[in-house]
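Novice: Sharing a structure below in structure tokens format, with a few things to ask.
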Amino acid sequence: MSTNDKYRRLRTFTGQQLREAAMDLIDHLERSQAAAQGSVASSTLIALAQDYDEATTDSHRALLASHIAESIPLAEAGTIRRAAEAIKLATPGIICRAAADGMEPNAIARELGATGSYVRRILRENPALAADAAKTRAAADNE
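Here the sequence shown is numbered in numbering that gives the first Met the number 0, starting from 0 and rising by one per residue.
See the structure below:
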């Protein structure tokens with residue numbers, strides 16, 4: 000049987016069910032390991048980010064908030080909040096590094112879920128940070 004035939008078979012309904020079951024198992028294992036280590040599974044963060052992006056109205060956000068409140072344990076929520084605060088503090092540096100790597104402000108904004116004007120303001124208000132990021136980038140390029 001050729002590789003294409005095998006792929007076609009996996010695309011069937013049964014194949015889809017198998018893939019979904021495997022992904023569910025991987026997600027369960029990742030969550031179990033994260034819980035045992037007192038950390039957050041990356042799949043949880045990805046799902047939260049995707050759900051937030053899709054919640055474009057106040058009513059959708061309210062439903063999302065209700066779901067999150069019911070499904071995420073307090074310790075996990077605390078870890079996520081602390082991580083979010085750390086990212087918030089680091090955002091100007093992250094923006095400056097991305098700009099030093101050649102990304103345009105609008106592309107940076109899309110990745111961060113922000114606006115281009117916000118990114119341009121951060122770059123304008125942090126010239127020393129931008130210069131340091133550019134120096135670091137240039138040094139890395141010279142190695």
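The beta-carbon is built from N, C-alpha and C at its ideal position, and this holds for glycine as well.
Would you call the segment 78 to 85 and the segment 96 to 113 touching, i.e. three or more CB-CB distances under 8 Å?
Specialist: Touching, no.
Novice: My understanding is that C95 touches A137, with C-beta atoms under 8 Å, so please give their C-beta distance in whole angstroms.
Specialist: Counting from 1 along the sequence shown, the entry for residue 95 is found at position 96. Counting from 1 along the sequence shown, the entry for residue 137 is found at position 138. Contact flag wrong, Cβ pair sits at about 13 Å.
Novice: Indicate whether G92 and L128 have their beta-carbon atoms separated by less than 7 Å.
Specialist: As a position in the sequence shown, residue 92 is number 93, starting the count at 1. As a position in the sequence shown, residue 128 is number 129, starting the count at 1. Yes, Cβ-Cβ distance for G92 and L128 is below 7 Å.
Novice: Are L63 and D52 touching if we call contact CB-CB under 7 Å?
Specialist: Locating residue 63 in the sequence shown gives position 64, where the first residue counts as 1. Locating residue 52 in the sequence shown gives position 53, where the first residue counts as 1. No, the Cβ-Cβ distance between L63 and D52 is not below 7 Å.
Novice: Let's test the definition: count the other Cβ atoms within 10 Å of the Cβ of L122 and tell me whether it reaches 16, buried, or not, exposed.
Specialist: Here residue 122 refers to the residue found at position 123 when the sequence shown is read from its first residue. By the neighbour-count rule (16 or more Cβ atoms within 10 Å), L122 is buried.
Novice: Could you round the C-beta distance between A54 and R60 to whole angstroms and report it? I think they count as a contact, below 8 Å.
Specialist: By one-based count along the sequence shown, residue 54 stands at place 55. By one-based count along the sequence shown, residue 60 stands at place 61. Right, the Cβ-Cβ distance comes to about 5 Å (below 8 Å), so this counts as a contact.
Novice: If you follow the alpha helix (DSSP H) that E142 is in, where does it begin and where does it stop?
Specialist: Translated into the one-based positions of the sequence shown, residue 142 becomes position 143. No alpha helix (DSSP H) holds E142; DSSP gives it neither H nor E.
Novice: Restricting to runs no shorter than 4 residues, where is the alpha helix (DSSP H) found entirely within the segment 54 to 116?
Specialist: Counting whole runs of 4 or more residues, the segment 54 to 116 contains the alpha helix (DSSP H) stretches 57 to 70, 73 to 99, 104 to 111.
Novice: Less than 8 Å between the CB atoms is what I'm expecting for V118 and E75, so what's the real figure, rounded?
Specialist: The residue you call residue 118 lines up with position 119 of the sequence shown. The residue you call residue 75 lines up with position 76 of the sequence shown. 30 Å between Cβ atoms; not a contact.
Novice: According to DSSP, is A132 part of a helix, a strand, or is it coil?
Specialist: Here residue 132 corresponds to residue number 133 of the sequence shown, with the count starting at 1. DSSP places A132 in helix when its eight states are reduced to three.
Novice: For a test of the three-state rule: what should DSSP assign to V39, helix, strand or coil?
Specialist: Residue 39 sits at position 40 when you count from the first residue of the sequence shown. Of the three classes helix, strand and coil, the one that applies to V39 here is coil, per DSSP.
Novice: Determine the direct distance from the alpha carbon of S41 to that of L47, and round the result to whole angstroms.
Specialist: Looking up residue 47 in the sequence shown gives position 48. Looking up residue 41 in the sequence shown gives position 42. Looking at the two C-alpha atoms, the distance is approximately 10 Å.
Novice: Pull up the distance between the alpha-carbon of I86 and that of D100, whole angstroms please.
Specialist: On the sequence shown, position 87 is the one that residue 86 refers to. On the sequence shown, position 101 is the one that residue 100 refers to. Cα-Cα distance, rounded: 19 Å.
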